[in-house]
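Numbering (the working numbering), first residue to last: 2 to 105. Using N, Cα and C, we set each Cβ at its ideal position, and we do this for glycine too. Worksheet for the structure shown next.
Here is the structure:
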């Protein structure tokens, strides 16, 4: 499914429940930060190797994935296209960190 389709699905879900009034940029940014804290709980005491092994378990992977949802409605409310934002940021990073810089 394309991102715009997912975004539409999320907006329809939200609107059918009358939640739009709660989906302000401030509330969504706060919610995203809270979810990121919950995401960190999954990684708190594990090494990188342990974490990568743990997410091979579908239930663990789903639990981690569930914590990253609020960025989509935040992008929607702010009129940000995540696809465009990613491409633009990568172009900035390519200029800032050219191949060969810092020993790469």
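Take the Cβ of residue i as the centre, count every other Cβ of all protein chains shown within 10 Å, and call the residue buried at 16 or more, exposed below.
i          : result
residue 71 : buried
residue 29 : buried
residue 10 : exposed
residue 74 : buried
Is residue i helix, strand or coil when you go by DSSP?
i           : result
residue 58  : coil
residue 70  : coil
residue 100 : coil
residue 19  : coil
residue 77  : helix
residue 24  : coil
residue 3   : coil
residue 32  : helix
residue 49  : helix
residue 84  : helix
Residues in its own chain within less than 7 angstroms of residue i by CB, not counting five upstream and five downstream?
i          : result
residue 79 : 26
residue 12 : 77
Throw me the rounded Cβ distance for the residue i and residue j pair, which I believe falls under 8 angstroms.
i          : j          : result
residue 14 : residue 84 : Not confirmed; about 21 angstroms, so no contact.
residue 68 : residue 36 : 5 angstroms
residue 41 : residue 65 : Wrong, their Cβ atoms sit about 10 angstroms apart, outside the cutoff.
Any heavy atom of the ligand PLP within a distance shorter than 6 angstroms of the CB on residue i?
i          : result
residue 87 : No copy of the ligand PLP occurs in the structure displayed, which carries no ligand at all.
Between residue i and the rest of its own chain, which residues show a CB-CB distance below 6 angstroms, the 5 nearest in sequence each way excluded?
i           : result
residue 52  : 44
residue 102 : none
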